[in-house]
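Heads up, the sequence shown is in my numbering, so the first residue is 46 and it goes up one at a time.
Here a beta-carbon is modelled for each residue, glycine too, at the ideal position from N, C-alpha and C.
Okay, structure first, notes after.
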Amino acid sequence: VFGFKALRALRLEDLRIPPAYSKTFQGPPHGIQVERDKLNKYGRPLLGCTIKPKLGLSAKNYGRAVYECLRGGLDFTKDDENVNSQPFMRWRDRFLFCAEAIYKAQAETGEIKGHYLNATAGTCEEMIKRAVFARELGVPIVMHDYLTGGFTANTSLSHYCRDNGLLLHIHRAMHAVIDRQKNHGIHFRVLAKALRMSGGDHIHSGTVVGKLEGEREITLGFVDLLRDDFIEKDRSRGIYFTQDWVSLPGVLPVASGGIHV
Numbered sequence: 046v047f048g049f050k051a052l053r054a055l056r057l058e059d060l061r062i063p064p065a066y067s068k069t070f071q072g073p074p075h076g077i078q079v080e081r082d083k084l085n086k087y088g089r090p091l092l093g094c095t096i097k098p099k100l101g102l103s104a105k106n107y108g109r110a111v112y113e114c115l116r117g118g119l120d121f122t123k124d125d126e127n128v129n130s131q132p133f134m135r136w137r138d139r140f141l142f143c144a145e146a147i148y149k150a151q152a153e154t155g156e157i158k159g160h161y162l163n164a165t166a167g168t169c170e171e172m173i174k175r176a177v178f179a180r181e182l183g184v185p186i187v188m189h190d191y192l193t194g195g196f197t198a199n200t201s202l203s204h205y206c207r208d209n210g211l212l213l214h215i216h217r218a219m220h221a222v223i224d225r226q227k228n229h230g231i232h233f234r235v236l237a238k239a240l241r242m243s244g245g246d247h248i249h250s251g252t253v254v255g256k257l258e259g260e261r262e263i264t265l266g267f268v269d270l271l272r273d274d275f276i277e278k279d280r281s282r283g284i285y286f287t288q289d290w291v292s293l294p295g296v297l298p299v300a301s302g303g304i305h306v
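Structure, rendered in structure tokens:
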């Protein structure tokens with residue numbers, strides 16, 4: 046329908062996913078409660094940051110920055126979506142130095158720490174290979190750019206993470222190409238519902254106080270759609286249909302995008 050020339054613009058604002066259909070998906074690899082059990086952290090938000098500069102650091106210097114952030118009190122650090130396997134820092138080197146940083150910070154703080162290792166790659170096979178290497182290093186979490194990687198790749202990685210005890214952080218790179226225009230495209234709440242079915246333990250939900258676009262009530266609306274089991278229709282929050290997720294685990298919404306601004 047989006048391709049019909051009779052339509053100048055078209056936007057999908059929301060959709061209702063029937064329980065019978067959502068039951069055909071396994072959803073997030075673990076979900077919010079299992080993640081808190083794995084990390085032994087309850088009753089508070091999890092605090093993390095993205096390592097900057099995002100590009101240009103060597104793997105050793107990158108690992109040092111990860112260690113300093115985790116040692117300073119953060120629960121997680123994160124690869125930026127652009128960090129993949131460039132000549133100045135190949136993925137395997139980054140994984141090794143980040144694992145070293147995690148273990149050192151854990152030993153000194155007595156807390157479980159993590160770094161979102163970006164496993165996004167050009168093929169599903171390469172992506173799974175990176176996830177396997179992360180599991181062999183004993184790190185708790187990997188990351189995927191689910192819109193650039195695609196839903197099939199994301200679901201494959203989600204299944205691997207569930208079977209092998211890895212948490213899966215989801216970055217939403219490229220979402221604004223699809224959802225930013227008010228009169229055309231697909232609203233992020235639809236992309237978020239699709240992600241909950243495809244699988245991911247965290248996803249960036251944006252924030253209402255940072256550098257990224259987002260209205261308060263609308264953002265809180267799809268935060269509920271990610272996290273809760275049953276969400277009542279509430280047009281003021283952009284929830285146009287009552288949604289029952291049945292037994293599908295919740296996704297942890299990540300407030301992202303310069304929340305200090």
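- Bounds of the beta strand (DSSP E) holding F121 are F121 to K123.
- Contact between M134 and A104 holds: their C-beta atoms lie close to 5 Å from each other, under 8 Å.
- Take the alpha-carbon of E277 and the one of I248: they are about 22 Å apart.
- E156 and G244 have their C-alpha atoms spaced approximately 26 Å apart.
- About 6 Å separates the Cβ atoms of L55 and H229, confirming a contact at the 8 Å cut-off.
- Taking C-alpha positions only, L91 is separated from E153 by approximately 19 Å.
- When beta bridges are read from the DSSP output, N163 appears opposite M188.
- Residue environment analysis places R207 among the buried positions, since at least 16 neighbouring C-beta atoms fall within 10 angstroms of its C-beta.
- In this structure, the beta-carbon distance from K123 to I96 falls below 8 Å.
- With a cutoff of 8 Å on beta-carbon distance, G159 and P185 are scored as near each other.
- The three-state reading of DSSP puts V46 in coil, since its state is none of H, G, I, E or B.
- Contact check for M172 and A179: beta-carbon distance about 11 Å, past the 8 Å limit, so the pair fails to qualify.
- Secondary structure at F275: strand, using DSSP grouped into helix, strand and coil.
- For T197, the enclosing alpha helix (DSSP H) begins and ends at F196 to N209.
- Closest in C-alpha terms to I284, from the list T264, P298 and G295, comes T264.
- Closest by C-alpha distance to H204, out of Y66, E58 and P73, is P73.
- Per DSSP, G251 lies in no beta strand (DSSP E) segment and is marked neither H nor E.
- Each residue's CA atom was taken as its position, placing I77 and D246 some 7 Å apart.
- Of E80, R109, V46 and L119, the smallest CA-CA separation from L213 is found for E80.
- In the DSSP assignment, T95 falls within the unbroken beta strand (DSSP E) covering G93 to T95.
- Around the Cβ of P298, a 10 Å sphere holds 16 or more other Cβ atoms; the residue is buried.
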